[in-house]
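Engineer: By UniProt numbering, the letter at position 113 of the sequence shown is numbered 113, and the numbering carries on one by one without gaps.
Beta carbons: idealized from backbone N, C-alpha and C, even for Gly.
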Amino acid sequence: MAKKDDTRRALLSAAMELFAERGFDGTTTAAIAARAGVTEMTLFRHFPTKAALVVDDPYDPLIAEAVRARPSDETPLRAAVTGVLDAWAAVPPPETVAVRERLRLVAQTPSLQSALTAGSRATEEAIAGALAERTEPARARIVAASVIAALNAALLAWSLGDDPDAGTALRSAARALEVE
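What follows is the structure, given as structure tokens:
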């Protein structure tokens, strides 16, 4: 497992370096693989697309568990928003820096914005699945979609700003949803 994790980290690092140097659209998967010291086939074993190097979200299980852990008497919206805030608080600072860099790239690259929306679908489904344990499925999906839209907007704005604390942006999203 360690070799797989090392390869994944090397690919992410190489990709972000090249995106910074050449831009997302000016970087090929062959160049990323070469910089990471692996084959292009290896890159695609870890990431199905070049965009996945930027928008892949490993936090879905953490988010779903945080939503499930919320008190059962909370409304689905409060449980979803507070669960996301709880999950984000568990992300270590070095990962927060990497998330910000990736989101800044998305905010500055129109071709990645639709990939973020598509990539957020798994997070939305994880939240909806957790909420379906406390409310009807249609309401769970609506709440999850609303939370993801607010989360993405807040995080993209944060990525372009000066505040080092993403929590500020997430709490702003919570207030916009009238949860905080």
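Could you check whether the region 61 to 77 touches the region 164 to 176, counting it as contact only if at least three pairs of C-beta atoms, one from each stretch, sit closer than 8 Å?
Structural biologist: no
Engineer: Rounded C-beta distance between residue 130 and residue 64? I'm assuming under 8 Å.
Structural biologist: 5 Å
Engineer: Could you give the first and the last residue of the continuous alpha helix (DSSP H) run that contains residue 189?
Structural biologist: The structure shown does not extend to residue 189, since the chain spans only 1 to 180, so no value can be given for it.
Engineer: In the DSSP assignment, the alpha helix (DSSP H) including residue 173 goes from what residue to what residue?
Structural biologist: 166 to 176
Engineer: Can you check which of these residues, 144, 49 and 108, is closest to residue 122 by C-alpha distance?
Structural biologist: Distances from the alpha-carbon of residue 122 to those of 144, 49 and 108 put 144 closest.
Engineer: Following a CB-centred definition, is residue 111 positioned closer than 7 Å to any heavy atom of the ligand SAH?
Structural biologist: Absence of the ligand SAH from the depicted structure is noted, as is the absence of any ligand whatsoever, leaving it without description.
Engineer: Please look up how many angstroms separate the CB atoms of residue 78 and residue 147, rounded, as I've assumed it's under 8 Å.
Structural biologist: With 8 Å as the limit, residue 78 and residue 147 do not qualify as a contact, their Cβ atoms being about 10 Å apart.
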